[in-house]
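J.: I'd like to ask you about the structure that follows.
As structure tokens, this is what we get:
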């Protein structure tokens, strides 16, 4: 089987794992060079993955404290925070099993690069924060799926379970944005954020992280 045929088969499997809506939402696929860097840095991948799960729970909690007058948001974010903390615990458990020490590392520029474009005034600010959340969850889901064919079975099995949950989180964030902002207005804002997300994913980064672009180097 040729290398191109193998790549095509992997892409087909990934497309089956991911919802069509999610694939259409993301402006580009994860570059192969990022996947290669992830496989070369398994410990760093897990450490930053744990960091991302913890930050995702923190973001959900922050929204719950800020927007107490929106019951649908409170319910969704409460559920999401619990799931993200469970994922954090599971990643830390995997790290312990594999002898990976949990150390503090610098965050990638991805999330902050998206948040730079969030509106300052309400209600647009909330809509933009929810859209950014949808991009983060969708990209996480896509990267889990891209990595699965290359991982050992225990880690691949864990990431398959995360594909399902992160897909729900993407739907929750986008659904809330459309509920509060209207589908047409949100679609226009998604298009704007998609351009920024594409630039962050396809651009070069000085270091490898779970949400980094194409890494120039792999130093922690």
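In the working numbering, the protein residues as written are 10 to 229. Yeah, the Cβ is synthetic: ideal placement off N, Cα and C, and Gly gets one too.
#1: Closest by CA to residue 78, which one among 135, 183, 142?
#2: Could you check what DSSP says for residue 214 in three-state terms: helix, strand or coil?
#3: Mapping DSSP to helix, strand and coil, what is residue 224?
#4: Would you kindly report the start and end of the unbroken alpha helix (DSSP H) that includes residue 117?
#5: Buried or exposed for residue 200, going by 16 or more other Cβ atoms inside 10 Å?
#6: Would you check if there are 3 or more beta carbon pairs closer than 8 Å linking the region 93-101 to the region 42-52?
#7: If I follow the unbroken alpha helix (DSSP H) through residue 37, where does it start and stop?
#8: Would you grab the beta carbon distance between residue 181 and residue 85 for me? Rounded to a whole angstrom, and I think it's under 8 Å.
#9: With DSSP collapsed to three states, give me the class of residue 112.
#10: Between the region 188-206 and the region 156-165, do at least 3 Cβ pairs fall closer than 8 Å?
#11: Assuming residue 202 and residue 109 are in contact, meaning their beta carbons sit under 8 Å apart, how far apart are those beta carbons, in whole angstroms?
#12: Less than 7 Å between the beta carbons of residue 147 and residue 35, yes or no?
#13: To the nearest angstrom, report how far apart residue 195 and residue 186 are at their CA atoms.
#14: Taking the continuous alpha helix (DSSP H) assigned at residue 58, which residues delimit it?
#15: How would you label residue 224, buried or exposed, when you count the other beta carbons within 10 angstroms and need 16 or more for buried?
#16: Between residue 165 and the rest of its own chain, which residues show a CB-CB distance below 7 Å, the 5 nearest in sequence each way excluded?
#17: Can you tell me which of 127, 168, 39, 176 puts its alpha carbon nearest to the alpha carbon of residue 89?
#18: Taking just the CA atoms, how far does residue 127 sit from residue 50?
#19: Quick check on residue 219: does DSSP put it in helix, strand or coil?
#20: CA-CA distance, residue 211 and residue 222?
T.: Checking against the coordinates, here is how it stands:
#1: 135
#2: strand
#3: strand
#4: Counting along the chain, residue 117 falls outside any alpha helix (DSSP H), and DSSP gives it neither H nor E.
#5: exposed
#6: no
#7: Note, residue 37: premise wrong, no alpha helix (DSSP H); not H, not E.
#8: 5 Å
#9: coil
#10: no
#11: That pair is no contact at about 33 Å.
#12: yes
#13: 7 Å
#14: 51-75
#15: buried
#16: 157
#17: 176
#18: 32 Å
#19: coil
#20: 6 Å
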